[in-house]
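First up is the structure itself, then whatever we jot down about it.
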Amino acid sequence: MMAAIPAYTAVVILLLAAVHGSEEKNSEDVRCKCICPPYKDKPGNIYNRNVTQKDCDCLHVVSPMPVPGADVEAYCLRCECKYEERSSVTIKVTIIIYLSILGLLLLYMVYLTLVEPMLKRRLFGHSQLIQNDEDVGDHQPFANAHDVLARSRSRANVLNKVEYAQQRWKLQVQEQRKSVFDRHVVLS
Amino acid sequence: MEGLCGGIGARVEAELQVEPGRSLKGAQKMLPVWGLKISSGGPAYSTYHAFISTSSAYIRAAENCRDVGESAAFQQSTLMYCVSTLYVFISFNSIILLFLYFIGTLAGVIDLAADWMTDLKEGICLNGFWYSREQCCWLSDETTFDDRDKCPQWQKWSELMIEKSEGASAYVLNYFLYTMWALTFSFLAVSLVRVFAPYACGSGIPETVQEENRAQRWRTDSVRIKSMDSMIKTILSGFIIRGYLGKWTLLIKTVTLVLVVSSGLSLGKEGPSVHVACCCGNLFSSLLSKYSKNEGKRREVSTVSSSGSVGVSVAFGAPIGGVLFSLEEVSYYFPLKTLWRSFFAALVAAFTLRSINPFGNSRLVLFYVEYHTPWYMAELFPFILLGVFGGLWGTLFIRCNIAWCRRRKTTSLGKYPVLEVIVVTAITAIIAYPNPYTRRSTSELISELFNDCGALESSQLCDYINDINMTRPVDDIPDRPAGPGVYTAMWQLALALVFKIIITIFTFGMKIPSGLFIPSIAVGAIAGRIVGVGVEQLAYHHHDWIIFRNWCRPGADCVTPGLYAMVGSCSLPRNQYSIVMLFLISGGVTRMTVSLVVIMFELTGGLEYIVPLMAAAVTSKWVADAFGKEGIYDAHIHLNGYPFLDVKDEFTHRTLATDVMRPRRGEPPLSVLTQDNMTVEDVETLIKDTDYNGFPVVVSRDSERLIGFAQRRELIIAIRTQAHIPQLNV
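Chains A and B, in that order, give the protein sequences. For reference, each letter of the first sequence is one residue, going 1 to 188 in the working numbering. For reference, each letter of the second sequence is one residue, going 1001 to 1730 in the working numbering.
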């Protein structure tokens, strides 16, 4: 278990670094937004300016000033200015990471449900097919996990170990699926 | 036998000594409990194929084993021991930090991605496809006061495809694409859940409560194990849903949570967030050698530090509420230790979430109220009315939802989980799109309902008829007559209310991650806002009535409809949500209120409104209690038949343990291991001949004094690993 720590840690640190690491401020990541309500005959308006926090007030941001000089103070009293920051890089990286994870999962799902059964069918030929049909009535994904598990136990090399682990996981998921979707024992 | 350290050498005599009050007969009968065949022992156990149980005796055994190992290491080399201890210490702390950081990041990712995907249903940003609508128009100078959501960079699908933003064809195209995206998202979500991690579906709270209950029970029982019935309790509450907190569950739940939230279904992300936090806790505690082999400790870490404070902290954006919640939850035994731990946990998680800044407003929460207008005594009446509504709705919801879930569980409806999700999504999208209040995401709707109509607001809800020669400063606007926009908004809100109430009943419990908190808040907020506007208009038009006379002079700002929305929303969720808390905290009503009220304040920032909120909360609870004590999660636990031991129930049936235990009179004797004189062959025969999950270890056949318990798995593994060593000395 201790040996697994560096691996996990590395993955997690990479992920965190990807999301947080690139947080240097872009010029487009700060804004001062002023909302000015309707005043006399002037309609309400929204002003956006890229200024520093100390300059974030109506006088610096609202330009051109819609009202004559005498009314500026009254107009500006009603405006509300807010200084806001964001990190556009974080947003970009987050969305791209999310989409790629989703994409990978979908690919794997398609592989498991469509491609793998087809490959198995072609590889093991017709005789195997008949055997499989007997004990595996349902056409759920991973339905042949039991078989492969039994087969891979007899041979033993590194590649098969990976396959073995994968099949064991498949069996677990199959069990979960049975208890959630078929027997409705949990989570219904 | 002593040499096989895998639970066999456990020393639990101290706990298992018979209490003086009990008869000796009871003591002898006590032993057979261990021989219970959990997988098919009786009708009560028959359903739990996928589950195993853990017990404090077993956990003790594992702990002893670790101690033995450590002292052996100590003898080998003091230096090595120091190094390894240091290593464990450093890795422990860094992993805990990393774990908290990870949860915070995860919560931020969920928020950002869900935000983006929700807007993807309506259009796309030309500046960069990864921006949501708000982020897309973030720097734009072309947003107008009346139409704040629009800017040229943000293109609706119709503008992009047929270059029209108005008109029937554009509307139909947008409508169609909205529905299609919603269907795609929910289909992806349900198939991912089905293929990779079926346990990721649902809210997760009943099951997490189950796990919490287990952890808590374990703590209780390690102290109280002397008493007879608590041993059965231990077995029952040592109930673990295997794989429920696994890695795949974590991954799939996070990914699909974003999908379902953005598909526009009537559900929230808070309940599942607690489950996600629990999975994280479990994952990280498995990295620590100290916790990896000890199921009980592991649960303790994952439940205490993750679900307790971190889950609440990141899900609701309420770190202090999270700490209090955690304190209340576990205050049975180690309050101070846990207080610090969860304080730290909530701090780091909240800090991380804040640094990601998912809402772009430098706050942790989405719903933040900024008004500070006072409320008046007479307003308590509508507040209480809202509480009554909350209680009634809560009862209705629980009854209908449970009836529907039972139907799903028992009839053929349950055979088509994917189809069910697709159909419900289609119905939701088709009905929701025409109504602007249901089209947008639920959290946006709630924050708009919470808003007070200041001069800066331009939404339809704030379309009041303004007095032309009004010259007051911005903050203090008097009550005004409602304009046509408000009336339109009212009936749209009423429709939205009915729609939300009905669709939530069918949504909660489908085979996708779904939380109940946000929809409940939405229903409460809509009802509250409607009542609020009603009271406001009543006060404006009839300010000479007795109740309004002292309170509401013409030209004064006396009713804040946004406050009603807030009160309404607080009355509702508390109804279900209080039950959750009640479970997790396990402390009864009085203690519950503390952390709950704090969470609510943190969520809304409205510290002035303690009395209205509490009045509404208490009323809704009374009303709901009048119709039935069972909360929604409670009901779901019962529906699924989990062996949940409610802290509130005391055992009224004084059934003796002898009545339920096996073997009974006339049955073959209990299969046991004896301490000294058993050979490997004997053990092998025992394993072959019986199919029990474990065997009690006794001193000898004559004096059946229990000294430990060996699990079947452990025995098999021990024999298999030792089999290759010829000089095995057993």
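We put the beta carbon where it would ideally sit given N, CA and C, even for glycine.
Consider the C-beta atom of residue i and the heavy atoms of the ligand MG; say whether any pair is separated by less than 8 Å.
i      : result
A/L106 : Among the components of this structure there are no ligands whatsoever, and the ligand MG is therefore not found.
Taking residue i as the reference, which of the options has the closest Cα?
i       : options                            : result
B/A1482 : B/E1444, B/S1514, B/A1494, B/I1530 : B/I1530
B/D1111 : B/Y1433, B/L1259, B/G1666          : B/L1259
B/H1541 : B/C1136, B/R1480, B/H1636          : B/R1480
A/R49   : A/L104, A/P68, A/V158, A/E28       : A/E28
B/G1748 : B/E1684, B/F1627, B/T1105          : Residue numbering for chain B in the displayed model covers 1001 to 1730; residue 1748 of chain B lies beyond these limits and cannot be assessed.
B/V1195 : B/L1706, B/L1177, B/K1253          : B/K1253
B/I1446 : B/A1170, B/W1340, B/L1493, B/P1417 : B/L1493
B/P1198 : A/D57, A/F124, A/V173              : A/V173
A/V93   : B/A1113, B/C1082, B/I1103          : B/A1113
B/L1386 : B/V1618, B/R1665, B/A1539          : B/V1618
B/V1623 : B/T1395, B/V1418, B/P1434, B/V1083 : B/T1395
B/W951  : B/C1201, B/G1414, B/E1134          : The displayed coordinates of chain B run from 1001 to 1730. Any statement about residue 951 of chain B would go beyond what the structure contains.
B/G1532 : B/G1509, B/K1500, B/F1499, B/D1452 : B/D1452
B/H1638 : B/C1405, B/D1689, B/L1126, B/P1519 : B/C1405
B/I1521 : B/Q1460, B/V1486, B/E1448          : B/E1448
B/L1126 : B/P1152, B/G1104, B/R1148, B/D1146 : B/P1152
Assuming the contact rule is C-beta atoms closer than 8 Å, residue i and residue j should be a hit. Round their C-beta distance to whole Å, please.
i       : j       : result
B/G1528 : B/M1566 : 7 Å
B/G1128 : B/K1156 : Incorrect: roughly 17 Å between the Cβ atoms, too far for contact.
B/S1132 : B/W1116 : 5 Å
A/Y83   : A/Q53   : 5 Å
B/S1186 : B/L1265 : 6 Å
B/T1179 : B/I1422 : Between B/I1422 and B/T1179 the Cβ distance is about 11 Å, and since that is not below 8 Å, they are no contact.
B/I1526 : B/A1496 : 6 Å
A/Y98   : B/V1109 : 6 Å
The beta strand (DSSP E) that contains residue i, what's its start and end?
i       : result
B/A1710 : 1706-1711
A/Y47   : 45-49
B/I1124 : 1123-1125
B/W1154 : 1154-1156
B/V1698 : 1694-1698
Looking only at DSSP bridge pairs, what is residue i linked to?
i       : result
B/A1482 : B/Y1464
A/E85   : A/V30
B/G1202 : B/P1513
A/I35   : A/I46, A/E80
B/G1268 : B/G1515
B/L1673 : B/V1697
Beta-carbon within less than 7 Å of residue i's beta-carbon, same chain only, minus the 5 sequence neighbours each way: which residues are those?
i       : result
B/I1687 : R1712, L1715, I1716
B/A1635 : I1398, I1402
B/F1334 : Here B/F1334 scores only 45 on pLDDT, less than 50, and its place in the model is too uncertain to base an answer on.
B/S1700 : T1674, Q1675
Going by beta carbon distance, what residues of the same chain come within less than 8 Å of residue i, once the five residues before and after it are set aside?
i       : result
B/P1484 : D1463
A/H60   : C32, R49, V51
B/E1684 : I1719
B/P1612 : W1375, E1379, L1380, F1383, L1563, V1567
B/I1162 : S1169, A1170, L1173
A/M65   : V72, Y75
Can you name the start and end residues of the alpha helix (DSSP H) that residue i belongs to?
i       : result
B/G1390 : 1380-1410
A/E175  : 158-177
A/E73   : 72-78
B/Q1135 : 1133-1136
B/P1436 : 1436-1439
B/I1610 : 1610-1627
B/K1247 : 1247-1262
B/R1148 : No alpha helix (DSSP H) contains B/R1148, which DSSP labels as neither H nor E.
B/N1451 : Premise fails: B/N1451 is in no alpha helix (DSSP H) and is neither H nor E.
B/W1375 : Neither: B/W1375 is in no alpha helix (DSSP H) and is coded neither H nor E.
B/M1180 : 1168-1196
B/E1681 : 1680-1689
B/T1658 : 1657-1660
A/L59   : 58-61
For residue i, I'd like the list of residues in its chain whose CB is within less than 6 Å of its CB, leaving aside the five on either flank, ordered along the chain.
i       : result
B/R1720 : none
B/A1189 : T1256, L1259, V1260, I1512
A/L159  : none
B/L1192 : I1252, T1256
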